[in-house]
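J.: Quick one: the structure is below, and I'll ask about it shortly.
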Amino acid sequence: MHRIAFRAAFAAALVAVSCLAVPAVAQTGASSRNYAPGFSQRAAGSRMVVVQTDMELFSQSAGGVLEPRADWTEAAQKNFRDALMAQKRVVGDNTIALQEKDMDELAQLNALHGAVAEAVFIHHMLGAPALPTKGRLLDWTLGDAVQPLRERTGADYALFFWIRDSYASAERKVAIVAMALLGVGLAGGAQTGYASLVDLRTGRVVWFNNLARGFGDLREPEPARETVEALLKSFPEVAR
Amino acid sequence: MALGALGLGSAWAQDLKGALPIPQRFNRPTSETDEGGLWAMMDREETRLRRSPLVVRDAALTGYLRELVCKLVGEHCPDVRVYVVRTPQFNASMAPNGMMQVWSGLLLRVDNEAQLVAILGHEAGHYLERDSLKGLRSAKDKSAAAMVLGMFGLVGAIASLGVVASGYGFSRDQEAQADRIGLQLMQQAGYDGREFPRVWDNLLAELKVTGGDEAAQRSILFATHPAPGNRRDTLRQMAGEGGGRLGTEELERVVAPHRMEWLREEIRRGQYEESLELFNRKLALRADDAQFLYARGEVYRLRDRTEDLQPALDDFQRGAAAERPPPDLFRSLGLLQKRRGDKAAAAAAFQKYLALVPDAGDAGLIKTYLSELQS
Amino acid sequence: MTRRLLPLALALLLAACANVSRMDGDQVVNERLAVHLTEAWNKVSDPWEVDPYDTWTQEGIPLDHLRLWGGVRPGQPLMTKPAMFSREPDAKERRVPTFRAGLPPEKLVGLFEELYATAGTVAITRVEPAMFAGQKGVRFEFTLARRSDDLAMQGVGWVAVRPDPTWGEELYAATFVAPRLSFYERLLPMAEAVVKTARVRATPPRS
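Protein chains in written order, with this note's numbering: chain W, 31 to 270; chain Z, 33 to 407; chain S, 45 to 251.
What follows is the structure, given as structure tokens:
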């Protein structure tokens, strides 16, 4: 489905790799990288809505092409959801999940969040390149665009996930180059993704974490739990 | 399906009526199976389609199309969902999960309901024969599966494939079969079968204008539905003497609220020669259609060769005198007259435009031109 | 969404090669268009130095951009060829919008419509006369449905042509694009503040 698109990405990657400098970004850096200025905890008694994870699993064929695997993706979605629900300190007792049909009307908000998250991912978490005017702070907001989501769910925070995961025993060239950017070694599988917490009262992205690694298997429940834990490391508690 | 060999001529054409056995409704496979995983992928494509800003959300139009499809597929009706996608290309598709896409470029081009039903029937033919699923059955060939499903993607996804000459769509036999089924279904529903080959004729004529031998590759439809040369002839033969409904008015009524917008998008493609071929054909059917007169005049005006100015002027002037000329026409006429140096005529046209649409987006600019012309 | 592995990866790759520097105070685009910034912007430098415009952003590459063209001469393109993965099937002869002398305002706007059509579905919603860089020109507004992620964008542009003894005419322009939801309204005043200060810089004497 995206064969030629990925070949193009690969070609561009080969060209681009010569001008790469591995960004000096530690994956387990200070937690202030993950938190917006002035934010440390979720408000007491607050409710959180989990938006359905945007997840896609790929296999890489011998020709070096990433192909989406719907069967793997479905299994991974289930494992991810189960693992997430098991994280009691995250999910607590005041968390709801957004229904698939609600997403139809919130499609533009979802697309907007995707673009904001991409900006945070590239410019803040990776700093490749960083935006000087941001002053190394997690300082992005969706503004009043989040109102409809708040009204529909009565939630104070929204949690978004985005995962792209490829599995191949052999060549993984595109993922290899992408992972090189993230300072990650090349062995094993390749997992990239983010988790993003948005304050629905203000629209601010208050917490963000990303993942880039060479291992992890969302197709099985146990390793999926491990991925979720890694993603949600430093996730803010609810204030007492 | 006992249709026998082709080439039996009109005698066989007579037998087509009422002879098509439609298969029973399909059961959706469970998600644990390989096939189930593919349905999940299709469902996700459909979800994205449903949320896309490119989908035309007009209940009357979508309902009309769905009714037509339902007439053709009988008990499969509950499984059918129709989406009109705003894209200025001729294409329609029906995914194995019942999701049907019809692109605005197709709705602009078909002359009547019969031609529309021909294409819908053809696509329904692929669906009823489960043509895509036959290819997907093999659990080993996932990349082929992904490619096949890519056929049902949005234009953006297809565009990113660089769909040309990959020919990964249906086989020639499957195409021929879908043609037969499409023809039968439309004739059973009372339409004139001769309109079917006419659709291919018209499309090929448009593509050949710039494409030449590669004409087939310039349309997404032909990229995914390879068009061997004899398909049209086969259809002509099968259609026999014809006779039956055309349904010109019904289609026009449903398309009317959108046609101007779709014409603007066709013009915006910037493929002037192809657009001219289309507009010429439409104006041959009805010479005083103000919207098509505007469209053709506008293409001449934009192409802006020395020999284009007069035909553009002719079209605009005829369109202005015809029934319900679109306001765009007067703006373009004004710009053309300004270009030709006829200040009085330009001013008159601009004034007419501003009178018709005082709060047009470019009113500010046109008013400036007007005062320049009048000083 | 499936498609967004590609933009993200590509954005990563291109971004890693891109250089971003902080801009404030007096700045000059292409040695011809001078602007004054009261608030800081981020300038994204194209690693291969091929784009004929400068790109500045507040919130980042995936979100907003302010593009500035200074002293474009007849025959020069307004953009470099779009990357192959964004080409549509019927774009065998995809034209790259190129400036020509003698274009009336609506055709100048048409060039920018062409330019943004490579990124998605464009609709020009408003055109009116306006000053830009001290020259008489037009200001136009448009919407863009971005093909890569279906995000609805809103845009505004200014374009003016200046007669020139050597080249006949020179084009000066600016466009600002941001997501329609929340961002455009928030950031527009900052973009307009920059554009208001735009001036043509006289050609420095050549040796």
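By construction, the Cβ of each residue, glycine as well, lies at the ideal position given by its N, Cα and C atoms. Note that the structure is predicted; figures quoted are calculated from it, not measured.
What is the C-beta distance between Z/Val105 and Z/Ile151, in whole angstroms, given that I count them as a contact (C-beta under 8 Å)?
T.: Incorrect: roughly 14 Å between the Cβ atoms, too far for contact.
J.: Among W/Arg119, W/Gln82, W/Asp132, which has the Cα closest to the Cα of W/Gly144?
T.: W/Gln82
J.: Using the beta-carbon of each residue, which ones in chain W are nearer than 7 Å to S/Pro223?
T.: Chain W residues near S/Pro223: Leu142, Ala145.
J.: Would you mind telling me which residues of chain S sit closer than 7 Å to W/Ile193, beta carbon to beta carbon, in chain order?
T.: Under the 7 Å cutoff, chain S gives no residues; its nearest Cβ is about 10 Å from W/Ile193.
J.: Determine, using beta carbons only, whether Z/Leu405 comes closer than 9 Å to chain S.
T.: No, its Cβ sits nowhere closer than 9 Å to a Cβ of chain S.
J.: Name the residues in the region 223 to 242 of chain W whose C-beta lies less than 8 Å from a C-beta of chain Z; which are they?
T.: none
J.: May I ask you to verify whether the region 225 to 235 of chain W touches the region 182 to 194 of chain W, counting CB pairs closer than 8 Å and requiring at least 3?
T.: yes
J.: Exposed or buried, S/Glu229, counting other C-beta atoms within 10 Å across all chains shown (16 or more means buried)?
T.: exposed
J.: Tell me, to the nearest whole angstrom, how far the beta carbon of Z/Ser364 is from that of Z/Phe348; I am working on the premise that it is less than 8 Å.
T.: 6 Å
J.: So the alpha helix (DSSP H) W/Leu179 belongs to, where does it begin and stop?
T.: 177 to 183
J.: Thinking C-alpha only, which one of Z/Leu402, Z/Arg300, Z/Tyr115, Z/Lys240 is nearest Z/Lys375?
T.: Z/Leu402
J.: In the structure shown, what three-state DSSP assignment does Z/Gly199 receive?
T.: Confidence at Z/Gly199 is low in this model, with a pLDDT of 38, below 50, so its placement is unreliable and the value that follows should be read with caution. Correct three-state label for Z/Gly199: coil.
J.: With DSSP run on the structure shown, which of helix, strand or coil describes S/Lys180?
T.: strand
J.: Tell me the DSSP bridge mates of W/Met155?
T.: The beta-bridge partner set that DSSP reports for W/Met155 is empty.
J.: Would you mind reading off the limits of the beta strand (DSSP E) that contains W/Ser196?
T.: Counting along the chain, the unbroken beta strand (DSSP E) around W/Ser196 starts and ends at 187 to 197.
J.: Does the beta carbon of S/Ala204 come closer than 9 Å to any beta carbon on chain Z?
T.: no
J.: Are the C-beta atoms of S/Glu103 and some chain W residue less than 9 Å apart?
T.: yes
J.: Under three-state DSSP, which class holds W/Glu250?
T.: coil
J.: Please name the residue, chosen from S/Arg243, S/Tyr160, S/Met123, that lies closest to S/Leu188 on a Cα-to-Cα basis.
T.: The residue with the shortest Cα to Cα distance from S/Leu188 is S/Tyr160.
J.: Beta carbons nearer than 7 Å to chain W: which residues of the region 171 to 198 of chain S have them?
T.: If the cut-off is 7 Å between Cβ atoms, the region 171 to 198 of chain S has Asp193, Asp194, Leu195, Ala196 near chain W.
J.: By the criterion of Cβ-Cβ separation under 7 Å, what are the contact partners of Z/Arg82 in chain W?
T.: Identification of chain W residues near Z/Arg82 by a Cβ-Cβ cut-off of 7 Å yields Asp134, ordered along the chain.
J.: I'd like the list of long-range same chain contacts for Z/Leu215, defined as Cβ closer than 8 Å, with 5 residues on each side in sequence excluded.
T.: Leu48, Ala150, Gly153, Gly225, Phe228, Leu267, Met270, Ala271
J.: What do you get for W/Ala124, buried or exposed, if any count of 16 or more other CB atoms within 10 angstroms of its CB means buried?
T.: Before going further, note that residue 124 of chain W is Asn rather than Ala in the sequence given. It is exposed - the Cβ of W/Asn124 has fewer than 16 other Cβ atoms within 10 Å.
J.: Compare the C-beta of W/Asp186 with all C-beta atoms of chain Z and state if any pair is closer than 9 Å.
T.: no
J.: Can the beta-carbon of Z/Val134 be found closer than 9 Å to that of Z/Tyr115?
T.: Going by beta carbons, Z/Val134 and Z/Tyr115 fall inside the 9 Å limit.
J.: So is Z/Ala411 in contact with chain W if we call contact Cβ pairs under 9 Å?
T.: Past the boundaries of the shown model lies residue 411 of chain Z; chain Z is included only from 33 to 407, so the question cannot be answered.
J.: Thinking Z/Glu145 and Z/Leu278 are a contact (beta carbons under 8 Å), I'd like their distance in whole angstroms, please.
T.: The distance from the Cβ of Z/Glu145 to that of Z/Leu278 is about 7 Å, consistent with a contact at the 8 Å cut-off.
J.: Return the CA-CA distance between W/Ala158 and S/Gln198, expressed in angstroms with no decimal places.
T.: 26 Å
J.: Using a Cβ-Cβ distance under 9 Å, would Z/Arg118 count as near chain W?
T.: Interface flag for Z/Arg118 against chain W is unset, since no Cβ pair is found closer than 9 Å.
J.: Less than 9 Å between the beta carbons of S/Phe143 and S/Gln120, yes or no?
T.: yes
J.: Cβ closer than 8 Å: which chain Z residues qualify as neighbours of S/Thr142?
T.: Per Cβ cutoff of 8 Å: no residues; S/Thr142 is ~13 Å from chain Z at best.
J.: Chain Z partners of S/Pro106, CB-CB under 9 Å?
T.: Under the 9 Å cutoff, chain Z gives no residues; its nearest Cβ is about 17 Å from S/Pro106.
J.: Please report the Cβ distance between W/Phe238 and W/Leu128, rounded to the nearest whole angstrom; I am assuming they are in contact, meaning their Cβ atoms lie under 8 Å.
T.: At roughly 19 Å, the Cβ-Cβ gap does not stay under 8 Å, so W/Phe238 and W/Leu128 are not in contact.
J.: Answer yes or no: do S/Val238 and S/Leu107 have a C-beta to C-beta separation smaller than 9 Å?
T.: S/Leu107 is positioned such that its CB atom lies no closer than 9 Å to that of S/Val238.
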